[in-house]
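A.B. asks:
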Amino acid sequence: MNEIIGSINSWMRGQMPDLCMAIIATILVIYGNEINNVLKRHISQHPFYMRLLIFILVAAFGYGLATVLLTKVLIQFYGSMPTITMIVAMIGTFVLLGFLAERKHQV
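Heads up: take any position in the sequence shown, counting from 1, add 1, and you land on the working numbering.
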């Protein structure tokens with residue numbers, strides 16, 4: 002059993018940046034529409050060129066920066082956990098994201 006846990010741990014820690022980025026990307030997919038709707042409400046009175054510029058800045062830099070920075074935060078968060086805790090937390094996170102996606106009718 003320890004061998005299996007060790008293999009899973011080794012694989013997950015080796016794939017940690019990709020797994021954490023997948024978590025952040027999934028959260029942005031699940032909640033991106035709400036974020037965009039809030040943004041639309043706040044900028045709807047501005048002229049088209051201004052709305053376009055704001056959208057480009059938020060999409061390119063806001064989502065991109067959030068993905069990069071939050072991925073680093075998650076890597077540190079999961080990386081600091083003991084082996085079993087990290088495995089359970091990582092799997093639990095993906096299961097939770099699946100439930101959230103289902104609730105939002107995205108699965």
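Note that beta-carbon positions come from the ideal geometry of N, C-alpha and C, so glycine has one too.
(1) Going by C-alpha to C-alpha distance, which of SER8, LEU29 and GLN16 sits closest to ALA61?
(2) Pick out whichever of VAL89, THR68 and TRP12 has its Cα sitting closest to the Cα of THR27.
(3) Excluding the five sequence neighbours on either side, which residues of its own chain have a C-beta within less than 7 Å of the C-beta of MET82, listed in chain order?
(4) Between the beta-carbon of ILE57 and the beta-carbon of ILE44, is there less than 7 Å?
(5) Output yes or no for whether 7 Å exceeds the beta carbon distance between LYS105 and ILE31.
C.D. replies: With the structure as the only source:
(1) LEU29
(2) THR68
(3) ALA90
(4) no
(5) yes
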